[in-house]
Amino acid sequence: MERDSSSDDDDDDDEALVLQNEAKPPSPHNLRHHRASFEISGNLTTRISSALRHLFRGVSFTSANAPEDRMREAELRALYLLRDQQLGLANLWNSTFSRSNVSLPAISSHTISNVTSGPSKDDLPQNSLPISLEEFRSALIKQIKLNKLIQNALLSVHRDGNASVEAVDDNADADIFGTEVNVCRKVKSPVDRRTVEWVPKKDRFLFAICVSGQMSNHLICLEKHMLIAALLGRVLVFPSHKLDYNYSQVLDINHINECLDREVVISYDNFVGNMKNKLKIDKFLCYIASPPCYLDEEHIKRLKNMGISMGKIEAAWPEDANSKVQKKRFVADVVSKFSSEEEVIAIGDMFYADIEEEWVMQPGGPISHKCKVLIQPSRQILITAQRFVQTFLGSNFVALHFRRHGFLKFCNVKNESCFYPIPQAAECILRVMERTKSPLVYLSTDAAESETDLLKSLVVLDGKPIPLVKRPTHSTAEKWDALLYRNHLDGEPQVEAMLDKSISAMSAVFVGAPGSTFTEDILRLRRGWGTASRCDEYLCQGELPSYIAEAE
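Residue numbering for the sequence shown follows the UniProt record's numbering, beginning at 1 and increasing consecutively.
This is the structure:
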């Protein structure tokens, strides 16, 4: 079972400018991609000029004492700069071809001459001579910096203090390297994180139980268990492979203890040794009310067959059983409800628990530690992923999680389907490739070969097919996966899934499957490892499928 996911890539500054009656932007897939992206028609510039005249009408510069006055002054400043940018772009356009090229109309000053302020028509070129590549790049950089000035002018009224609207922030030039704009730069991790110290009592345990969905769901469940164990001052007991996955194959469990310089998690086998075979759960208080602890009879039977005795299973909040939506809980709720002196407690599956999500989702997670992330792939998997990247991909590659198997029905029951036809998916991938300039794509997918073959045939940029690279099966001639082979981990489904996650998390840009917890776990690793990019997104983000089948 997978859960809905959301993405919030907008900067806080951008959010501050959203109007209450903002119109929804058109779907990106309705915009056709072509080479004439710089073409500016006379009608367009006439409409822009008309709009500017309308906005300037009845507006005068006044003292900027009231917030309304400051807002108006900022808007006027931005409009002046937009006028400047319009003329600069027209200048650039007219410089890209000679007058002998009659198929591309030059922009005359007549179409933009009726605006009350701004540079004069003399700023437009009198001779439409071809422009060199270096001159073109230089002009583009000027327009990028001018765009930053426009942003600052509009944002100035939303900032504290009296910062000058003329000033470009300190990082304005950091986005530009020589003549190339780094569009997909890395996302900086926040300096300060909201964290909790995890200092458990050595003889108090929280018995982790995760049963919902596949491995990615279980990792989310474990992360929430870790937060609650920290809040309650308890050691977290990792589940047995008899009840759950064999986590020792895919996770570096000792890494968690090393990051905190103390034992905060313990394997099930070590827990059994500590309890001297007197296995019990003293208190079974369920975070999820219905079904209690999200456990069915089969899982309860497995617990008992493992020799674990337990008391009555009760709900912490019985009233939640009648609610269709999980109620959001906070730290104070958890501490007051689950604090106890019992030696071993269990709270059931936590995947669907809504607890301090912003805290849990921050880079590095909610717990104070000295590492980048606490829950991460085993050392063997990490080294194998690095060797694969060195062998096949290099540092500049896009990773795509292309979820297909079982995803059609899952997506189509959602309010907005997330299952895209192959041609539409190919268009979305091409848009990403145009921005990133990466030469190839690492494809993590469960799609049938018929689907991936069609996708490969459609992902073509400038007449050249973009390679979609999948992990090959083991070959003795290749040594990148020798470490897994020597440790008898090759061919294990969960190991291969974690290897896919690790490779994807190392990419320059990542494109995920909306609604997939596999994708969410990759994004978690990227946030923690510092590999997250401003171009990371969900496939066809903001679009609906071009065709949706009827329900059964």
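Glycine included, every Cβ here is placed at the ideal spot set by N, Cα and C.
{"Item": "Pairwise C-alpha distance: C428 and L539", "Value": "7 Å"}
{"Item": "Buried or exposed by the 16-neighbour rule on C-beta atoms within 10 Å, applied to Q390", "Value": "exposed"}
{"Item": "N- and C-terminal bounds of the alpha helix (DSSP H) containing L523", "Value": "T517 to W529"}
{"Item": "Simplified DSSP state of F284, which is helix, strand or coil", "Value": "strand"}
{"Item": "Among S444, V413, L454 and L468, nearest to M433 - alpha-carbon criterion", "Value": "L468"}
{"Item": "Assigned exposure category for A549 - 16 Cβ within 10 Å defines buried", "Value": "exposed"}
{"Item": "Alpha carbon of S109 to alpha carbon of K188, nearest angstrom", "Value": "The predicted position of S109 is uncertain, since its pLDDT is 47 and thus under 50; no value can be drawn from it."}
{"Item": "Helix, strand or coil at E356 according to DSSP, with G and I counted as helix", "Value": "coil"}
{"Item": "Presumed contact (8 Å Cβ cut-off) between N217 and F351, rounded CB distance", "Value": "5 Å"}
{"Item": "Close beta carbons around L222, own chain, < 7 Å, minus the five adjacent residues each side", "Value": "A208, C210 and I375"}
{"Item": "Proximity below 8 Å, CB of F518 to CB of R403", "Value": "yes"}
{"Item": "Three-state secondary structure assigned by DSSP to V460", "Value": "strand"}
{"Item": "Exposure of V325, with buried meaning 16 or more beta-carbon neighbours within 10 Å", "Value": "exposed"}
{"Item": "Cβ neighbours of Y547 in the same chain (closer than 7 Å, five flanking residues each side left out)", "Value": "P421"}
{"Item": "Closest by C-alpha distance to L525, when choosing among K372, T384 and N487", "Value": "K372"}
{"Item": "DSSP-derived helix/strand/coil call for F397", "Value": "coil"}
{"Item": "With 16 other Cβ atoms within 10 Å as the buried cut-off, status of F330", "Value": "exposed"}
{"Item": "Enclosing beta strand (DSSP E) for T445 [first to last residue]", "Value": "V441 to T445"}
{"Item": "Delimiting residues of the beta strand (DSSP E) encompassing A346", "Value": "V344 to A346"}
{"Item": "Local Cβ density within 10 Å of K283, reported as buried at 16 or more and exposed below that", "Value": "buried"}
{"Item": "Alpha helix (DSSP H) runs wholly inside the stretch 222-279, at least 4 long, in chain order", "Value": "247-250, 253-260 and 268-274"}
{"Item": "Environment of V199 [buried if 16+ CB atoms lie within 10 Å]", "Value": "exposed"}
{"Item": "Proximal residues to N487 (C-beta, below 7 Å), its chain only, five neighbours per side dropped", "Value": "Q380"}
{"Item": "Three-state class that DSSP yields for I375 in the structure shown", "Value": "coil"}
{"Item": "C-beta contact flag for L243 and M306 at 8 Å", "Value": "yes"}
{"Item": "Among P292, F136 and L303, nearest to G88 - alpha-carbon criterion", "Value": "F136"}
{"Item": "Where E537 sits in the DSSP three-state scheme", "Value": "strand"}
{"Item": "Candidates L295, L279 and K278: closest to L285 by CA position", "Value": "L295"}
{"Item": "The stretch 485-499 / the stretch 248-259 touching (three or more Cβ pairs under 8 Å)", "Value": "yes"}
{"Item": "Classification of E552 by the beta-carbon crowding that lies within 10 angstroms, buried from 16 upward", "Value": "exposed"}
{"Item": "Coil, strand or helix - M310 by DSSP", "Value": "strand"}
{"Item": "Sequence-distant residues of its chain with Cβ nearer than 7 Å to K370 (five each side left out)", "Value": "C259"}
{"Item": "Length of the line joining the Cα atoms of Y287 and T195", "Value": "22 Å"}
{"Item": "Sequence-distant residues of the same chain with beta carbon closer than 8 Å to I266, five excluded per side", "Value": "F205, V235, L236, V237, F238 and N274"}
{"Item": "Length of the line joining the Cα atoms of E263 and F338", "Value": "21 Å"}
{"Item": "H401 vs I228 beta-carbon contact at 8 Å", "Value": "no"}
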